[in-house]
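In the numbering used here, the protein residues as written are 2 to 270.
Working notes for the structure below.
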């Protein structure tokens, strides 16, 4: 349901509450009389010869439960959530009376807290939207800086690359996140066709390892980045995979990074 539809439901219910409609109760109605009244009946429920008919205005149903004496005593009705519970079935959850008052008080308290955090703006919604825009812009700036850092690191990395059995090789821990490592690896891939590169990071206190295999390395030596990374991932208590030329794995044991880096060159032995 849309917000407009939910608001309309709330309005209709609260209008009926304010009408203070009195309860009409008949405990001696027959089932047929109740049907003629248009009473709602629970599917699968078994009813006797005499039923309890409850009416509030035009609304009628068979019920053995507890009811208010009039709609006015409900106080106020507020929808708290709406969603699907099964195929073709949706459920509205709401509060009324004292629960409704508590719910509104809680919302008011949260609003005051937000205003305090956002320096008491007159328009809270606009303040949050502005904050989201600012955050998005900062994330874009961070992404640009990270790409720049990866590009800048590329030149330094090249100086550390060694050769093993005719293949360029480097295994190293770097101060980049997973995306930065990927950018760096793809940058080096442009220049090195026969290379095995293993890069690791513990950014965010979680180990991430990535493997780049050059196109010539794949064809000449049959190495597959996805297979290599699956084997190395065990040392960081994690898992991952990828393509023949590039693969990544995440784990939970940072201490395993050194073992990964030491083991990397064995794939060229």
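Note that the Cβ used here is the ideal one computed from N, Cα and C, for glycine as well.
The structure displayed is predicted, hence computed values, not measured ones.
Which of the three DSSP states, helix, strand or coil, is assigned to residue i?
| i | result |
| --- | --- |
| residue 35 | helix |
| residue 98 | helix |
| residue 184 | helix |
| residue 196 | strand |
| residue 71 | strand |
| residue 123 | coil |
| residue 93 | strand |
Over what stretch of residues does the alpha helix (DSSP H) that includes residue i continue unbroken?
| i | result |
| --- | --- |
| residue 177 | No alpha helix (DSSP H) holds residue 177; DSSP gives it neither H nor E. |
| residue 220 | 216–222 |
| residue 259 | 258–264 |
Do residue i and the ligand ATP come close, with the Cβ less than 7 Å from some heavy atom?
| i | result |
| --- | --- |
| residue 137 | Of ligands this structure carries none, so the ligand ATP is not represented either. |
The beta strand (DSSP E) with residue i in it runs from where to where?
| i | result |
| --- | --- |
| residue 63 | 60–63 |
| residue 40 | That residue, residue 40, is in no beta strand (DSSP E); it is neither H nor E in DSSP. |
| residue 83 | 78–87 |
| residue 51 | 51–57 |
State yes or no: is the C-beta of residue i within less than 8 Å of the C-beta of residue j?
| i | j | result |
| --- | --- | --- |
| residue 14 | residue 57 | no |
| residue 20 | residue 81 | no |
| residue 194 | residue 251 | no |
| residue 61 | residue 38 | yes |
| residue 147 | residue 181 | yes |
CB-CB under 8 Å to residue i, same chain, minus the five flanking residues each way: which ones, in chain order?
| i | result |
| --- | --- |
| residue 268 | 197, 224, 229 |
| residue 34 | 54 |
| residue 102 | 76, 77 |
Leaving out five residues before and five after residue i in sequence, what residues of the same chain have Cβ atoms less than 7 Å from its Cβ?
| i | result |
| --- | --- |
| residue 165 | 266, 269 |
| residue 65 | 53 |
| residue 7 | 80, 83 |
Here's a check: name, in chain order, each residue in its chain whose Cβ is nearer than 6 Å to the Cβ of residue i, leaving out the five neighbours to either side.
| i | result |
| --- | --- |
| residue 162 | 169, 171 |
Should the segment 197–211 be regarded as contacting the segment 181–189, the criterion being three or more beta carbon pairs within less than 8 Å? yes
For the segment 103–123 against the segment 142–159, are there 3 or more C-beta pairs whose distance is under 8 Å? no
Could you say if the segment 156–174 and the segment 134–146 meet the contact criterion of at least three C-beta pairs nearer than 8 Å? no
Cβ contact check for the segment 208–215 and the segment 229–246: 3 or more pairs under 8 Å:
yes
(message) Could you check whether the segment 93–105 touches the segment 20–33, counting it as contact only if at least three pairs of C-beta atoms, one from each stretch, sit closer than 8 Å?
(response) no
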